[in-house]
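Notes follow once the structure below has been shown.
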Amino acid sequence: LLHFLQGAQQAAPAPKLVLVVTRGAHDHARPAFDAGAAVWGLVRSARIEMPRTTIKAVDLPVGQEAGAAAKAVADELVGPEGEVEVAHLAKGRCVPSVVEAPATATRLQREDAMIDKGVLERGLQVITGGLGGLG
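Right, here's the structure in full:
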């Protein structure tokens, strides 16, 4: 994928859309290290370094039937332009969005914050510019 994206970046004209499909990257039951989740990180860096190309990441459920997976991918090819990260989960199609937070945190929000703090204390590593074009 890295070599493909680097080649696409140098192509004239650059492709308008690159669709990257993973399976199970957003599955909460996945192992601690999952290649699909790592691919999403690479795609996020590539978006910054390849501004002429829309790079859309789509995650499908691990056990999804082939026909349903093909339909989901086809739908994403013609889907809304601004949605570049899509996860198809048991509860349906999910895209990240920004919403106004309530003035007071709910119990669940406080628990999420405590969990995140624990992750950071255990040594979370952040890599930026993974393709070499930043910095």
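Each residue of the sequence shown is one higher than the one before, counting from 743 in this note's numbering.
Even glycine gets a Cβ: it sits at the ideal position worked out from N, Cα and C.
message: In the DSSP assignment, the beta strand (DSSP E) including V760 goes from what residue to what residue?
response: 759 to 765
Opposing strand residues paired with K798 [DSSP bridges]: L761
- request: Keeping to the same chain, check which residues put their C-beta closer than 8 Å to that of L876; ignore five residues upstream and five downstream.
  value: Low per-residue confidence applies at L876: pLDDT is 48, beneath 50, and the placement is therefore not dependable, though the value from the model is reported in the following sentence. So the list reads S787, I790, E791, T870, once near-sequence residues are dropped.
task: Would you kindly work out how many angstroms separate the C-alpha atoms of G834 and T796, rounded to a whole number?
output: 23 Å
Presumed contact (8 Å Cβ cut-off) between G778 and D801, rounded CB distance: 7 Å
query: V804 and G766 look like a contact to me (Cβ under 8 Å); what is the Cβ gap, rounded to whole Å?
result: 4 Å
query: Rounded to a whole number of angstroms, what is the C-alpha to C-alpha distance between V760 and T848?
result: 39 Å
- request: Sort L747, V763, H830, T764 by Cα distance to A756 and report the nearest one.
  value: When L747, V763, H830, T764 are compared, the shortest CA-CA separation from A756 is found for L747.
- request: Compute the Euclidean distance between the alpha carbons of V781 and V837, then round it to the nearest angstrom.
  value: 17 Å
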